[in-house]
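S.K.: Chains as they are written, first to last, in my numbering: chain Y, 1 to 374; chain F, 375 to 748.
Yeah, the Cβ is synthetic: ideal placement off N, Cα and C, and Gly gets one too.
Source: prediction; values computed, not measured.
#1: Excluding the five sequence neighbours on either side, which residues of its own chain have a C-beta within less than 8 angstroms of the C-beta of residue 75 (chain Y), listed in chain order?
#2: Which residue's Cα is closest to the Cα of residue 486 (chain F): Y:53, Y:41, Y:11, Y:78?
#3: Determine the chain F residues that contact residue 147 (chain Y) at a beta-carbon separation under 8 angstroms, and present them in chain order.
#4: Let's see if you can read the secondary structure: which residues bound the alpha helix (DSSP H) around residue 375 (chain Y)?
#5: List the residues of chain F that residue 188 (chain Y) touches, going by C-beta distances under 8 angstroms, in chain order.
#6: What are the residues that DSSP puts in a beta bridge with residue 301 (chain Y)?
#7: Under 8 angstroms: do the segment 528-545 of chain F and the segment 459-471 of chain F share three or more Cβ pairs, one atom per stretch?
#8: Can you grab the Cα-Cα spacing for the pair residue 661 (chain F) / residue 726 (chain F), in whole Å?
#9: Since residue 39 (chain Y) meets chain F, which of its residues come closer than 7 angstroms, beta carbon to beta carbon?
#10: Taking just the CA atoms, how far does residue 185 (chain Y) sit from residue 453 (chain F)?
#11: Give me the Cα-Cα distance between residue 399 (chain F) and residue 57 (chain Y), rounded to the nearest whole angstrom.
#12: Is any beta-carbon of chain F found at less than 8 angstroms from that of residue 298 (chain Y)?
#13: Does residue 537 (chain F) come out as helix, strand or coil in the three-state DSSP assignment?
#14: Determine the chain Y residues that contact residue 629 (chain F) at a beta-carbon separation under 9 angstroms, and present them in chain order.
#15: Which residues does DSSP pair with residue 197 (chain Y) in a beta bridge?
#16: Taking CB distances under 8 angstroms as the criterion, tell me whether residue 729 (chain F) reaches chain Y.
#17: For a test of the three-state rule: what should DSSP assign to residue 137 (chain Y), helix, strand or coil?
#18: In angstroms, rounded to a whole number, what distance separates the CA positions of residue 402 (chain F) and residue 433 (chain F)?
#19: Taking only beta-carbon positions, decide if residue 282 (chain Y) is within less than 8 angstroms of chain F.
#20: Looking at the secondary structure, which residues open and close the beta strand (DSSP E) in which residue 471 (chain F) lies?
#21: With which residues is residue 332 (chain Y) paired in a DSSP beta bridge?
#22: Do the segment 168-186 of chain Y and the segment 292-306 of chain Y touch if we need at least three Cβ pairs shorter than 8 angstroms?
#23: For chain F, find out if any of its Cβ atoms is closer than 8 angstroms to the Cβ of residue 170 (chain Y); answer yes or no.
#24: May I ask you to check if the CB of residue 225 (chain Y) is nearer than 7 angstroms to at least one heavy atom of the ligand SAM?
#25: Just list the residues that DSSP pairs residue 145 (chain Y) with in beta bridges.
#26: Let me see if you follow: with CB-CB separation under 8 angstroms, is residue 221 (chain Y) close to chain F or not?
#27: Just how far apart, CA to CA, sit residue 396 (chain F) and residue 190 (chain Y)?
#28: Could you check whether residue 228 (chain Y) and residue 207 (chain Y) sit closer than 8 angstroms to each other, using their CB atoms as the reference points?
#29: Helix, strand or coil: which one does DSSP assign to residue 744 (chain F)?
#30: Any beta carbon from chain Y within less than 8 angstroms of residue 547 (chain F)'s own beta carbon?
#31: Going by C-alpha distance, which of Y:370, Y:363, Y:335, Y:175 is nearest residue 407 (chain Y)?
#32: Determine contact between the segment 34-43 of chain Y and the segment 322-338 of chain Y, defined as no fewer than three beta-carbon pairs at a distance below 8 angstroms.
#33: Applying a beta-carbon distance threshold of less than 7 angstroms, which residues of chain F neighbour residue 224 (chain Y)?
#34: Count the other CB atoms, across all protein chains shown, that sit within 10 Å of the CB of residue 729 (chain F); report buried if there are 16 or more and exposed otherwise.
#35: Ignore the nearest five residues each way along the sequence and tell me which others in residue 197 (chain Y)'s own chain have a CB closer than 6 angstroms to its CB.
#36: For residue 179 (chain Y), which of helix, strand or coil comes out of DSSP?
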């Protein structure tokens with residue numbers, strides 16, 4: 001490499017990409033702070049954990065991981081197909097929604113193609129669009145929710161290849177009714193594919209998800225075992241769509257990428273419907289609790305169809321960032337939206353009684369500290 | 375999509391890619407056959423399994439997988455850095471070597487760029503090159519081994535961006551001494567980066583691997599917990615190189631892709647050096663056993679620096695394919711090289727006494743059946 005810049009080895013695209021990451025992990029923050037968090041309620045993880053049967057399945061297969069996982073994830077794919085009453089060819093299992101979103105951008109976006117999302121929506125999607133040289137066009141949120149009509153309109157004016165909609169939404173916890181999503185689909189131009197991220201769907205009210213129709217070539221739907229099923233650390237999500245679209249993933253995916261443990265655990269988790277019901281009840285209780293704590297401190301919360309709650313700190317982004325910093329200084333891991341006006345909020349994931357007690361103690365202190373600084 | 379071909383949605387590149395997969399999994403074969411294999415010695419998995427401490431680590435963290443894994447894999451990266459006496463910035467952890475090879479092609483290969491490998495070498499590398507529109511140029515094996523001098527020469531004449539060398543080699547089990555690899559590096563043109571796949575290194579004789587020098591910008595070295603450490607099903611590998619090259623992966627990787635279980639298990643596996651010694655001894659015994667069984671059947675085997683042995687079936691590819699088919703019909707999962715003249719061999723992974731007894735019983739039958747058909 002004498003006399004050449006190191007980056008000369010990279011492709012022009014790779015050389016042009018920023019080295020930023022979509023999210024800093026809480027472990028990194030803990031190392032920088034020099035001590036662990038007391039409450040981990042910042043990444044919308046499911047602290048109530050996977051079902052005991054999923055844990056038992058993991059322990060049972062621990063000795064078998066010398067074998068590669070089934071590259072077709074046949075058992076899991078068929079179990080999901082049964083569960084959803086769709087053909088297995090309409091499902092592809094992947095390394096979490098994050099991995100599947102990356103493959104989706106790679107399959108559908110040429111360099112320079114327009115992709116539409118909402119300003120302040122899921123940053124990992126944007127990261128993948130940048131990574132394949134897509135041209136990202138952002139539409140504002142409307143009343144703290146993603147705006148399907150505006151997204152469809154932008155898709156039309158930009159001639160977008162993809163448009164991203166999370167329903168329910170992260171980071172606000174808001175949602176659109178199924179009919180609104182269906183109306184959005186009807187407005188999309190022929191060349192636009194809807195990426196409908198339903199990671200939080202299990203926490204949402206009935207009527208949030210349009211019925212699944214795998215003959216529809218206008219959308220792909222992304223779901224996961226990371227949230228309601230409590231398997232975030234294992235990396236297993238899936239995408240639902242027309243079999244001709246789903247077959248595309250086989251052209252570019254890492255075939256042995258979905259690990260054996262994840263396949264076993266997801267299969268076990270899917271079989272235990274009662275446990276999921278318990279988790280949903282506990283999440284619901286925690287959402288109420290967070291709203292109650294906020295109210296005790298004079299703050300409003302946003303309605304949530306997810307396992308987290310956006311607390312409106314009642315002022316601007318700087319104030320909310322000060323509250324967030326004061327909570328983190330008190331060993332409470334939380335995150336917040338990055339874009340105004342949503343950044344007047346902090347985002348708190350559902351927790352157990354333990355985390356709620358820590359929040360009850362630290363939130364008034366954090367607010368007081370932020371007000372002092374303001 | 376009225377009136378449009380479904381594939382109109384895909385990028386031109388994605389639409390042009392074949393839907394073939396690098397490997398069919400043994401589970402798929404079992405489903406097609408309608409019964410399980412009796413001996414799974416075809417995918418170079420480590421049947422002796424992960425260390426009991428790694429299994430204990432997996433069981434211990436099973437209940438914690440509701441948390442995402444550390445996106446920096448800080449603990450594992452630092453443990454490897456200590457182990458290898460290199461800075462952690464010279465290591466990137468990834469979803470197996472397969473995943474890291476895909477990222478590597480994406481980082482360094484523009485559409486139409488030449489990439490050099492050996493005809494018959496690792497197909498997953500070729501799959502990734504095709505997936506990013508690289509132009510693959512193949513060099514023949516020489517005496518059943520990859521030919522570093524010819525690879526370097528082809529890299530020069532083709533002005534290749536990448537050249538792939540597995541040392542030890544899969545599927546033949548052959549290897550080149552460290553000095554040969556170093557000489558190859560010296561012959562590479564400035565613009566070529568060597569992808570040195572050392573997946574099987576732990577099984578190889580001393581003197582196979584050149585010393586690690588992370589100031590050298592001419593190569594990336596790929597290693598894994600899938601083989602000697604017995605964690606294939608968990609998907610954890612790593613790439614070693616100059617920190618400026620390694621930092622490139624942060625621009626495009628799936629940051630939360632390395633699962634929490636894999637990180638915990640690999641960390642525990644790395645700490646138990648004695649167990650690795652036991653595995654290597656058992657692999658060595660099994661290699662001898664396979665050679666002995668082959669000899670009893672009048673067949674030669676190739677020297678192996680891996681956890682598998684290539685048995686020379688003594689005739690052409692058609693004959694070896696008939697032997698392979700007859701073994702599979704007898705519930706023995708094995709694979710074989712795809713390119714002549716190496717396809718005169720079948721490839722048998724090390725097994726326990728149980729698998730060796732099955733092989734001892736079925737190999738003479740399979741040979742007899744193949745000879746009858748010939």
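M.R.: The relevant details are as follows:
#1: 263, 267
#2: Y:11
#3: Those within 8 angstroms of residue 147 (chain Y) in chain F number zero; the least Cβ separation is about 24 angstroms.
#4: An answer regarding residue 375 (chain Y) cannot be provided, because it is not within the stretch 1 to 374 covered by chain Y.
#5: Result: empty, since nearest Cβ-Cβ is about 11 angstroms, beyond 8 angstroms.
#6: Y:311
#7: no
#8: 11 angstroms
#9: The contacting residues do not exist; residue 39 (chain Y) stays about 13 angstroms from chain F at best.
#10: 50 angstroms
#11: 22 angstroms
#12: no
#13: strand
#14: 21, 22, 23, 25, 98, 124, 127
#15: Y:166, Y:222
#16: no
#17: strand
#18: 28 angstroms
#19: no
#20: Looking at the DSSP string, residue 471 (chain F) is not in any beta strand (DSSP E); the run it does join, the alpha helix (DSSP H), is 470-482.
#21: Y:39
#22: yes
#23: no
#24: Ligands displayed in this structure: none; no statement on the ligand SAM is therefore possible.
#25: Y:142
#26: no
#27: 33 angstroms
#28: no
#29: helix
#30: no
#31: In this structure chain Y extends from 1 to 374, so residue 407 (chain Y) is not present and cannot be described.
#32: yes
#33: Going along chain F, no residue has its Cβ under 7 angstroms from residue 224 (chain Y), so there is no contact; the nearest lies around 12 angstroms.
#34: buried
#35: 166, 222
#36: helix
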